[in-house]
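Here the UniProt record's numbering is used: position 21 in the sequence shown is 21, and no number is missing along the way.
Beta carbons: idealized from backbone N, C-alpha and C, even for Gly.
The block underneath contains the structure these notes are about, expressed in structure tokens.
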Amino acid sequence: MRSFYVKDIHIGRQRPVLMGVLNISPESFYPGSFVPISAVHEAADKMTAAGAEILDIGARSTAPNSQPIPVSEEVERIRECLRQLNGEDYVVSIDTMYPEVLNAALHFDVSLANDISGLMNPELGHVIADAGIPAVIMATRKSPGDATSMQETHEAIRLILSRASSLGIEDIILDPGIGKWVPTRTAEDDWELCKKFETIQQYGHPILAAVSRKSFIGEATGQSPTGRLAGTLAITSLLIEKGAAVIRAHDIPETMDLIKTVMHMRDTA
Numbered sequence: 001m002r003s004f005y006v007k008d009i010h011i012g013r014q015r016p017v018l019m020g021v022l023n024i025s026p027e028s029f030y031p032g033s034f035v036p037i038s039a040v041h042e043a044a045d046k047m048t049a050a051g052a053e054i055l056d057i058g059a060r061s062t063a064p065n066s067q068p069i070p071v072s073e074e075v076e077r078i079r080e081c082l083r084q085l086n087g088e089d090y091v092v093s094i095d096t097m098y099p100e101v102l103n104a105a106l107h108f109d110v111s112l113a114n115d116i117s118g119l120m121n122p123e124l125g126h127v128i129a130d131a132g133i134p135a136v137i138m139a140t141r142k143s144p145g146d147a148t149s150m151q152e153t154h155e156a157i158r159l160i161l162s163r164a165s166s167l168g169i170e171d172i173i174l175d176p177g178i179g180k181w182v183p184t185r186t187a188e189d190d191w192e193l194c195k196k197f198e199t200i201q202q203y204g205h206p207i208l209a210a211v212s213r214k215s216f217i218g219e220a221t222g223q224s225p226t227g228r229l230a231g232t233l234a235i236t237s238l239l240i241e242k243g244a245a246v247i248r249a250h251d252i253p254e255t256m257d258l259i260k261t262v263m264h265m266r267d268t269a
């Protein structure tokens, strides 16, 4: 598997990297994760102290039926957040589909791009390539998460890797796109991706597990996003065993304990 560094964080090492969700979008599907701008410094400190090595900052909700906001508002939210964090030694990822947002963020210390649109916008791809930063890229054909089976997910992965190659982007974390991104996706589609997660290793890139509090867990447990922590941890444990190199999570202390426990089981086997 290809390995590389995001700032000083080794992606592709034996122990998964923990990426904390720093959500500055009040429209989020999980309101408990929202952090107002005035509290981002405190939230970032708590996350990193609890074990988050990368902070993934998102200023726009991409959940189905979420309230849309103008790109200009997303830009301003990101700027305000990064001003609060400026000068600190955080490893920052920017979760956006828009080149204007990433361009604004790159005036600060940003180390990673997270693109759920799968490089559909070549302009965003050029911004990533010109900045020389690695990228999380979601398996996407025409709209985020539109692959509705494992077969379609593999097709989408091959497509995004082709897009990345044409742009000269080499340091990639693959996101298979687990979650109800489009109306045609079902919980069964997400379970299939989880069950066959290890097949994504064939592409030779680190893989992101991003299942935190998602709807397919709620359909299995009958829980709203607030009550999906136990289900999230159960699935995350399985995905680590199936090759996840990066774990994107809302709940940092609990997920860090999970990673430590799984690693201890491996080391003492």
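In this structure, G125 and R77 do not form a Cβ contact; the two beta carbons are roughly 23 Å apart against a cut-off of 8 Å. Shown here for M1: same chain residues with a beta carbon closer than 6 Å to its own, the five before and five after excluded, namely G12 and G204 in chain order. In this structure, L22 sits away from V6, with a CB-CB distance that is not shorter than 8 Å.
Looking at the DSSP output, S93 bridges to D56 and L112. In this structure I54 is in contact with I9, their Cβ atoms being roughly 6 Å apart against a cut-off of 8 Å. Checking the DSSP bridge columns, you'll see H10 partnered with Y5.
Judged by DSSP in its simplified three-state form, N103 adopts helix. The beta carbon of M150 lies closer than 8 Å to those of E192, L193, K196 and T199 in the same chain, with the five residues before and after it left out. Short of 6 Å from the beta carbon of T148, and not among the five residues preceding or following it, lie these beta carbons of its own chain, in chain order: T184, R185 and D189. Taking a C-beta distance under 8 Å as the contact criterion, V211 and M19 do not qualify as a contact pair. By the criterion of a C-beta distance shorter than 7 Å, T62 is surrounded in its chain by I116 and P144, once the five residues flanking it on both sides are discounted. A244 is a Cβ neighbour of I207, given a cutoff of 8 Å. Around A104, the same chain offers V75, I78 and R79 as residues with beta carbons nearer than 8 Å, after the five sequence neighbours per side are excluded.
A Cβ-Cβ separation of about 5 Å places Y30 in contact with R213 under the 8 Å criterion. Scanning the region 13-72 from its first residue to its last, the whole beta strand (DSSP E) runs of 3-plus residues come out as 17-23 and 54-58. The alpha carbon of G227 has as its nearest neighbour, out of S3, G32 and P122, the alpha carbon of G32. Counting along the chain, the unbroken beta strand (DSSP E) around L174 starts and ends at I172 to D175. The C-alpha of L167 is placed about 19 Å away from the C-alpha of D95. The beta carbon of S66 sits closer than 6 Å to those of E27, all from its chain and outside the five residues before and after it, given in chain order.
Residue environment analysis places N114 among the buried positions, since at least 16 neighbouring C-beta atoms fall within 10 angstroms of its C-beta.
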